[in-house]
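Numbering (my numbering), first residue to last: 219 to 483.
Data first, discussion second: the structure below is written as C-alpha cells.
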Ligand SMILES: [Zn+2]
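Okay, structure coming up:
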C-alpha cells in the first residue's frame, strides 16, 4: 500500500539550466517541470524586440510612403527641388532678415495656427526659392503635406479635371475637380505663388475663394507670394479672399535688387 505522501507531488524541484545554471521549478505541467525562468524571460524579450522591430519597419514604410506622396504633390518644380534655406543667397542684411523669418516660420510650422506669411517683392528677388524652401522643410522635416502652386497653375490643374469622374491609376487619388479642391483646401501648408499674375475669371476667383475660405475656416496656414502691392493683390483676388488671407498673416517685403539671371529667382 502506498502512502499518501508518495502520491503527493512535490511543491518544487531544483533543476539546472545548461545556460543559466540552477533554478527552482515551481510548476509542473502534466509530465514536465517548468523550464528555466531566465530562458523564458530571454525568449519573451527577444519576441518583444522582434515585434517592436516589425512595428518600427511598418511605421518607417508608411512614413516613407507618405513622404514620397507629399513630395509628388509638393508642386515644387525640378529647378527648385534643391531649394533650402541654406542655399538661399543672402549677402544683404535685409536678405538675412527675411531668410531668418522664413526659416523660423518653417521650423515652428504649426498646421493649426491659421494665418500665414506674405512674401511681397518684385520678380527675381528669391520669393519662389524661399517658398519652395518652406515647403521642402515642412514636407521633409515635419513629414507633413505642403505644396506650392502659382494661381494660374491652380486654375489650369482644376480645368484639366473638368468633367473627370473616375479615378486614374497611380494618380494619388486627386483626379476630379472636387478632389483637387479638397486637397488644396486641406493640405497642412499651401503656398500660393504669383498672386495677381493673372486676373482670373469669376469662376476661377470663386474656386480660389473656396480654397482660401476652407483653409481659413479650418485654421490652416496659407503662404502667399506676389510681386504686387497689397492694394493690387486685393483687386486681383477679390475683397473676400484678401480679407481672409490678410488676417493674422505676417507680411515680409523683399525689397532688394533682383537677382534674376544669378542664382535665385
Ligand atoms: Zn536558462
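We treat Cβ as the ideally placed atom computed from N, Cα and C, and that holds for glycine.
Item, Value
"The segment 304-318 / the segment 442-450 touching (three or more Cβ pairs under 8 Å)", "no"
"Beta carbon of residue 338 nearer than 7 Å to that of residue 444", "yes"
"Residue 238 to residue 257 span [Cα, whole Å]", "8 Å"
"Unbroken stretches of the alpha helix (DSSP H), 4 residues or longer, contained in the segment 284-345", "311-325"
"Reduced DSSP category for residue 468 - H, G, I as helix; E, B as strand; rest coil", "strand"
"Residue interval of the alpha helix (DSSP H) (run including residue 402)", "395-404"
"Beta-bridge partners of residue 411, as assigned by DSSP", "368"
"Status (buried if at least 16 other CB within 10 Å, exposed otherwise) for residue 435", "exposed"
"Cα-Cα separation between residue 467 and residue 261, rounded to whole angstroms", "57 Å"
"Supposed close pair residue 389, residue 426 - CB separation, criterion 8 Å", "Contact flag wrong, Cβ pair sits at about 23 Å."
"Span of the beta strand (DSSP E), counted from its first residue to its last, around residue 232", "231-235"
"Three-pair Cβ contact test at 8 Å for the segment 375-384 versus the segment 298-310", "no"
"Candidates 265, 402, 354 and 263, of which the one nearest residue 372 by Cα", "402"
"Beta-carbon proximity of residue 243 to residue 252, cut-off 7 Å", "yes"
"Cβ-based burial, residue 396 [other Cβ within 10 Å; buried from 16]", "exposed"
"Test item, CB below 6 Å from any non-hydrogen atom of ligand 1", "235, 237, 238, 254, 256 and 257"
"Residues of its chain near residue 413, where Cβ-Cβ distance is below 8 Å and the 5 sequence neighbours each way are ignored", "369, 442, 443, 444, 446, 451, 454 and 455"
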